[in-house]
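Notes follow once the structure below has been shown.
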Amino acid sequence: MDTRTQPIREILLTGTSDDIRAALVAEHPADIAKALKTLGAHDAWASLKLVPVEQQAEIFGYLDNDFRTLLATVMARGALAAIVMEMNADDRADLYKQLSEDQRKALMPGLAQAEREDIRRLASYEEDTAGAIMTSDYAALSPELSATRALTVLRREAPDKETIYRTYVIDSDRILLGSVRLQDLITAPAHAKVADIMETNTHAVRVDDDIENAVRKIAHYDVVALPVVDEAGRLVGIITHDDAFDVMQAEATDDFHRVGTVTGLEASVGSASIPMLYRARIVWLMVLVFGNIFSGAGIAHFEDTIAAHLALMFFLPILIASGGNAGSQSATLMVRALATGEIGMSDWGRVLGRELVVAILLGLSMACAIAVIGVVRGGPEIALVIALSMILIVIVGSLIGMLLPFILSRFNMDPATASTPLVTSIADATGVLIYFSIARTILEMP
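Be aware that the sequence shown starts at 1, since it is given in the UniProt record's numbering, and climbs by one per residue.
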């Protein structure tokens, strides 16, 4: 059987033990992990255990937390402990936090003392802090070492470390003094001291700093890793760029969910159960149902005006949708800008002025387009009502979409909550009042 041309999943399902073993050795661990996730936990483990434990751990690292935890439930304690011993420190801690209390108690006796203590320490940090995603697999050097001696140390430590492209310099009390690039060590004179080669500005973060702050620093300074220190300035770990990318991806997913008013989804869409998907969506949908009652109440209040000018109802969906769309665009821009730090809370006044000008221009353009249809459907008076309503509704919708993220941030709420459905519901109710108030004023003038 030619394992090079067969899809990995097909080989895992129908191949012999030799075929599966050959495929697992030949393919990249990320591709293997993707294929394993399409199988049941028992079938996945039956394939995975055919390769050495070092490769098992490497593949394990590419599995998402949910499937990794599920896989752990079908493995013998000894087999799981052997894999955990080979995993990176941060991956070990992530897995430990996902396990049940009984699984933890079964796993820990199978680990070496150093690994047990490291897992407990890394798992003890609160979620959403730098400590929660850091790893203890970093290389450190003394400032008194020569360049030649430092390279010897790194050569010995490299196999067990996440990265050695930038190594951190600490004193005897583990106080972070600086960092040194591997390139600088290689090109430095043999007897040059590390203290003379190192850079002192490390851009370190505190272990209890917000995780998003750490991720932004990695992106801003374009570094492979960022050191993490405790309150005394002692080096306790590093955050690598790949872990930062995972955090950014998770944050982006959460923001997308909140934009769609989906909250509390604790698993991927592919693995989430029906009850989990229901709970994640029902709360905001119920809130928005009652929020839309205000739109209905506004229409009911202007029944006499509508009955006298039925042509107004033709334009109602167009105007209301335009306000909601303008508000959604504005909210999306503001939420993203606040999330990335492009703008801050103090910028709201400047952003408000700019958004007002843009909204006026958008409203005028859209009013010109819709006024022509207004003339055809209802005459000049209807066209005037439609045009004025379009301008005001777009302006108000845009300002609602722009201001709501700032207001939520001011009260320490996630600005992503200012999502498309929420902005649209508020803009709808406001648009109804604007539209029919203008219509009553103009069409019922004596």
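Note that the Cβ used here is the ideal one computed from N, Cα and C, for glycine as well.
- Beta-bridge analysis with DSSP links Ala140 to Tyr168.
- When the beta-carbon positions are compared, Tyr138 and Ala132 stay at least 7 angstroms from each other.
- At least 7 angstroms separates the beta-carbon of Ile391 from that of Ala371.
- In terms of CA proximity to Leu39, Ile11 leads the group Arg336, Arg120, Ser179, Ile11.
- For Pro227, the secondary structure class from DSSP, reduced to helix, strand or coil, is strand.
- Under the three-state reduction of DSSP, Ile343 is assigned to coil, being neither helix nor strand.
- 7 angstroms or more divides the Cβ of Gly298 from the Cβ of Gly397.
- Here Ala89 has Asp118, Leu122, Thr135, Ser136, Asp137 as same chain residues with Cβ atoms under 7 angstroms from its own Cβ, once five neighbours each way along the sequence are excluded.
- Separation of Thr305 and Pro317 (C-alpha to C-alpha, rounded to the nearest whole angstrom) is 17 angstroms.
- Annotation: Leu443 to Gly374 spans about 14 angstroms, alpha carbon to alpha carbon.
- With a minimum length of 4 residues, the unbroken runs of alpha helix (DSSP H) contained wholly in the segment 283 to 334 fall at 293 to 301, 303 to 308.
- For Ala188 and Asn201, the gap between their C-alpha atoms comes out near 19 angstroms.
- Residue Ala311 holds the alpha-carbon nearest to the alpha-carbon of Ala383 among Ala311, Val357, Ala321.
- A residue is called buried once 16 or more other Cβ atoms fall within 10 Å of its Cβ, and Ile175, having fewer, is exposed.
- In the same chain as Phe302, and ignoring 5 residues on each side of it, the C-beta atoms closer than 6 angstroms to its own belong to Phe436, in chain order.
- In the three-state reduction of the DSSP assignment, Asp160 falls in the helix class.
- For Ser100, there is no enclosing beta strand (DSSP E), as DSSP marks it with neither H nor E.
- DSSP places Val375 within a helical segment (H, G or I) once states are collapsed to three.
- Out of Leu50, Val74, Leu99, Asp66, the CA that lies nearest to the CA of His42 is found in Val74.
- Contact annotation: Gln103 and Asn65 have beta-carbon atoms that are not nearer than 7 angstroms.
- Taking 7 angstroms as the cut-off, the beta carbon of Leu95 is found no closer than this to the beta carbon of Arg116.
- Shown here, Thr200 sits in coil according to DSSP, grouped into three states, outside any helix or strand.
- By the CB criterion at 7 angstroms, Leu107 and Leu80 fall inside the cutoff.
- Taken atom to atom, the span from the alpha-carbon of Leu48 to that of Glu54 is near 11 angstroms.
- In the three-state reduction of the DSSP assignment, Lys217 falls in the helix class.
- In this structure, DSSP gives Leu122 a helical state, which the three-state scheme calls helix.
- Between Val51 and Leu24 a beta carbon distance of about 5 angstroms is seen, short of the 8 angstroms cut, so the two are scored as contacting.
- Annotated three-state conformation of Lys105 is helix, per DSSP.
- In the displayed model, Leu176 falls within a strand according to three-state DSSP.
- Cβ contact annotation for Ser179 (same chain, cutoff 8 angstroms, sequence separation greater than five): Arg166, Thr167, Tyr168, Val169, Met198, Glu199, Thr202, Pro227, in chain order.
- The alpha-carbon separation between Arg440 and Ile434 amounts to approximately 10 angstroms.
- Rounded to whole angstroms, the separation of the alpha carbons of Asp171 and Glu144 is 9 angstroms.
- Comparing alpha carbon positions, the residue from Ala326, Glu381, Ala219, Gly344 closest to Ala359 is Ala326.
- For the 7 angstroms CB-CB criterion, Asp230 and Val236 form a contact.
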